[in-house]
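Since the structure comes first, as structure tokens, the remarks are kept for the end.
2 protein chains.
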Amino acid sequence: MNAPISLKTVTLHDVAKAAGVSLITASRALSNPGVVSEKTRARVQQAVEATGYIPNLLAGGLKSKRSLMVAGIVPALSVSQFLPTLEALSTALAAEGYQLILGQTAYDPDREEAVLNTMISRQPDGIVMTGLVQSPRAQERLRRSGIPVVETWDLSDRPVDMVVGFSHLKVGGAVAGYFLSKGWQKVGVATGGDSRAMQRREGFVATMGREVPTAVVPAPSSLALGRRALAELLEKEPGLKAVCCSSDTLASGVLVEALARGLRIPQDLAVCGFGDADFSAHTVPSITTVHVDGPGIGTLAARMILARCRGERPAQPIVDLGFRLVERASTA
Amino acid sequence: MNAPISLKTVTLHDVAKAAGVSLITASRALSNPGVVSEKTRARVQQAVEATGYIPNLLAGGLKSKRSLMVAGIVPALSVSQFLPTLEALSTALAAEGYQLILGQTAYDPDREEAVLNTMISRQPDGIVMTGLVQSPRAQERLRRSGIPVVETWDLSDRPVDMVVGFSHLKVGGAVAGYFLSKGWQKVGVATGGDSRAMQRREGFVATMGREVPTAVVPAPSSLALGRRALAELLEKEPGLKAVCCSSDTLASGVLVEALARGLRIPQDLAVCGFGDADFSAHTVPSITTVHVDGPGIGTLAARMILARCRGERPAQPIVDLGFRLVERASTA
DNA sequence: CTGTTAGCGCTTTCAT
DNA sequence: ATGAAAGCGCTAACAG
Chain D
1 MNAPISLKTV TLHDVAKAAG VSLITASRAL SNPGVVSEKT RARVQQAVEA
51 TGYIPNLLAG GLKSKRSLMV AGIVPALSVS QFLPTLEALS TALAAEGYQL
101 ILGQTAYDPD REEAVLNTMI SRQPDGIVMT GLVQSPRAQE RLRRSGIPVV
151 ETWDLSDRPV DMVVGFSHLK VGGAVAGYFL SKGWQKVGVA TGGDSRAMQR
201 REGFVATMGR EVPTAVVPAP SSLALGRRAL AELLEKEPGL KAVCCSSDTL
251 ASGVLVEALA RGLRIPQDLA VCGFGDADFS AHTVPSITTV HVDGPGIGTL
301 AARMILARCR GERPAQPIVD LGFRLVERAS TA
Chain X
1 MNAPISLKTV TLHDVAKAAG VSLITASRAL SNPGVVSEKT RARVQQAVEA
51 TGYIPNLLAG GLKSKRSLMV AGIVPALSVS QFLPTLEALS TALAAEGYQL
101 ILGQTAYDPD REEAVLNTMI SRQPDGIVMT GLVQSPRAQE RLRRSGIPVV
151 ETWDLSDRPV DMVVGFSHLK VGGAVAGYFL SKGWQKVGVA TGGDSRAMQR
201 REGFVATMGR EVPTAVVPAP SSLALGRRAL AELLEKEPGL KAVCCSSDTL
251 ASGVLVEALA RGLRIPQDLA VCGFGDADFS AHTVPSITTV HVDGPGIGTL
301 AARMILARCR GERPAQPIVD LGFRLVERAS TA
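The listed protein sequences correspond, in order, to chains D and X. If you number the first sequence the way the UniProt record's numbering does, the last residue is 332 and the count never jumps. If you number the second sequence the way the UniProt record's numbering does, the last residue is 332 and the count never jumps.
Shown next as structure tokens:
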């Protein structure tokens, strides 16, 4: 039963010939089996096996206007914050026969625009952005393209199309409120420089009611940058009592640096992160953080895109998934 | 609130008409500018702007047999080990106009086969696997497809096509050799259950010259699993002196659990990881590990695929990038 | 340098 | 339930 080594690619035409049916019947047997007779279906199926046929989705997509691809855009793959979202998105899409094409913007609006143009060229059936679309020209182009777009990990009154996320301002406010309830006065912020992290800082400052010492570190955040940020903050504010970090990764660095300096946590210094990373509950001390449903965002984004592909109107184009402050040992 | 939605999509035909040239001239002006006159090129360019034309790569790819897409296959996006490779791969490809389509196998050969079939359907110009192709049927299918394939993060005498990585057996052996040189007798292994991690364990055991207590944890590895693994090992081997971990994430968990139990590192317990994660040099104590050039693997894989797309034969279809043991505080 | 002629492999009409 | 025709939007060939 060794299959013939076919140098020439096997097309549907070959399958049809092998099955003794017309091209279009073979096509239907594969993509719409309910509409052909049981016998024909079986014959075609057998011909597929015999020839080793693999469909050409490029050709199908050209005619049917469905590429079965969805573009997923992130600042960078190394921003681990978005991985659970991407993973859930990819899994949910794959279950329906859709594949994810990846794009990286490097937090640069120009690159974002370029990436989106390239993506549109590939006729994806949907586009999922982590974060809002920055460039106004890109927004315009996306609207014109008619492609379903879901912006995620943020909220907007006027999304390009749909948005699922939460308010970063409120997150910052919630952490500040928590700090205030603890009576901590000498507080600082260790944050990445991206717009969402800066918005959380803004919310924090607003609720605190005054400016606070801040260390801004470049993306992507890392344990090492967390250490450096704490060092910077302690210089600015020697008696620092609590730090609000823009990620758990940064928070873990703050933890390490604090321990290295002999500071006890939380007695000498309280630390709060963001994102509820997989390690945060298991470090010693465990990290107080803001939990966000990353996989939920990805799954919901997939559902919204797929519904739109089926021609359904979204019940809700703007979805606020909220967040939850998780109190752990680093502040308790 | 609705922008002027162009209902009909702008095609190259429209651009050509607007520029007053033939369809094919417009095509050339965009994809092969050197071959048309400067004046024509400018006219077409202007028509592109005026019409808001975005090329349809699906259509172009169908005819030209170049989809400008490369498939990247990982066990799961959450396996952070492969992220630097994926990121570098995507970046290197994007620089040449190629995009990455993502596939996840969940460490399952059946899913691997399914994912690869789906990918082949999309006519990618190359396929990059993290790890070797497991399923023999998938191997066969890939060979038949004629698509350039690079397997990574491992080595093989008989790759499907090309391979760039290193020997996991040798990694295990190197760590064991290091442990032996330190005179540690009561040693253990904390490892993920995937085939590459198990191969490193094999290499470790072979060089040690005897079986060693082992805790196997499910993928993906995490700090929490590292803690659990150390607990398990300490039960199996109460006087444990050194642990070889299959990832730095696991090692960081072992560190935390050891500290929680009042064990001093490295005096009471030495710990070695694998992968040289970004945090490993900055924890306290810093983690001894095996460094692998993840981005290098991705960049090289991209280069090999792109060279093949240009019709070049690869100078070396099998590339051993090696590894490097990095001694840090957790064993020194 | 530019244009004409043919398709790429498949799926949508429309017919039977 | 099946088939024939007609392209999807673009580019490789060959002309001119």
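Where a beta carbon is used, it is the ideal one built from N, C-alpha and C, also for glycine.
Out of X:K241, X:A242, X:A251 and X:V212, the CA that lies nearest to the CA of R227 (chain X) is found in X:A251. Beta-bridge partners of I101 (chain X) (DSSP): D:I101 and X:A71. Residue environment analysis places I265 (chain D) among the buried positions, since at least 16 neighbouring C-beta atoms fall within 10 angstroms of its C-beta. The C-beta distance from V212 (chain X) to V187 (chain X) rounds to 6 Å, short enough to meet the 8 Å contact threshold. Minimum Cα-Cα distance from L233 (chain D) among the listed residues D:V319, D:V189, D:S195 and D:Q139 corresponds to D:V189. Not one beta carbon of chain X lies nearer than 8 Å to the beta carbon of I305 (chain D). Interface flag for F274 (chain D) against chain X is unset, since no Cβ pair is found closer than 8 Å. Within the UniProt domain "HTH lacI-type" (10-64) of chain X, the runs of alpha helix (DSSP H) that reach at least 4 residues and sit entirely inside it are, in chain order, 12-19, 23-31, 38-51 and 57-64. Shown here for V290 (chain X): same chain residues with a beta carbon closer than 8 Å to its own, the five before and five after excluded, namely V171, A174, V175, C272, G273, F274, G275, D276, F323, R324, L325 and V326 in chain order. By DSSP's assignment, D320 (chain X) forms a beta bridge with X:G165. One finds nothing in chain D with a Cβ atom closer than 9 Å to the Cβ of F323 (chain X); even the nearest lies about 21 Å away.
Straight through space, the alpha carbons of R111 (chain X) and E202 (chain X) are spaced by roughly 26 Å. As DSSP reads the structure, M129 (chain D) sits in a beta bridge with D:I73 and D:E151.
Membership of G226 (chain X) in the alpha helix (DSSP H) is indicated by the continuous run L223 to K236. Sequence-distant partners of Q134 (chain X) (beyond 5 residues in either direction) whose C-beta falls short of 6 Å from its own C-beta, in its chain, are P109 and E112. Using a 10 angstroms sphere on the CB of S195 (chain D), the tally of other CB atoms stays under 16, which defines it as exposed. When the Cα atoms are used, R66 (chain D) and H168 (chain D) turn out to be separated by approximately 35 Å.
Beta-bridge partners assigned by DSSP to G172 (chain D): none are found.
If you check the CB distance, R310 (chain D) and G126 (chain D) do not come in under 8 Å.
Contact annotation, N56 (chain X) with S64 (chain D): C-beta distance approximately 13 Å; criterion of less than 8 Å not satisfied.
V149 (chain X) sits buried, since 16 or more C-beta atoms from the chains shown fall within 10 Å of its C-beta. Listed as beta-bridge partners of C272 (chain X) by DSSP are X:C244 and X:T288. Looking from the CA of S280 (chain X), the closest CA among X:G296, X:C245 and X:G60 belongs to X:C245. Here the segment 35-49 of chain X makes no contact with the segment 90-98 of chain D; the two share fewer than three CB pairs at distances below 8 Å. The beta carbon of D278 (chain D) sits closer than 8 Å to some beta carbon of chain X. The criterion of a C-beta distance shorter than 8 Å is not satisfied by V48 (chain D) and H282 (chain X). Counting C-beta atoms within 10 angstroms of its own C-beta, S145 (chain X) has 16 or more neighbours from the protein chains shown and is therefore classed as buried.
Collapsing the DSSP output to three states places L263 (chain X) in coil.
In the displayed model, T283 (chain D) falls within coil according to three-state DSSP, outside both helix and strand.
For V115 (chain D), same chain residues with a beta-carbon under 8 Å away, outside a window of 5 residues either side, are I73, G103, Q104 and T105 in chain order.
Bounds of the alpha helix (DSSP H) holding A307 (chain X) are G294 to C309. Straight across, the Cα-Cα distance linking R28 (chain D) with A26 (chain X) is about 36 Å. Under the Cβ distance rule, I54 (chain X) counts among the residues neighbouring chain D, one pair being separated by less than 8 Å. For N32 (chain X), there are no C-beta contacts with chain D under 9 Å, since the nearest C-beta of that chain is about 17 Å from it. When the Cα atoms are used, E151 (chain D) and R303 (chain X) turn out to be separated by approximately 33 Å. Following the DSSP letters along the chain, one finds V189 (chain X) in no alpha helix (DSSP H) but inside the beta strand (DSSP E) bounded by residues V187 to G192.
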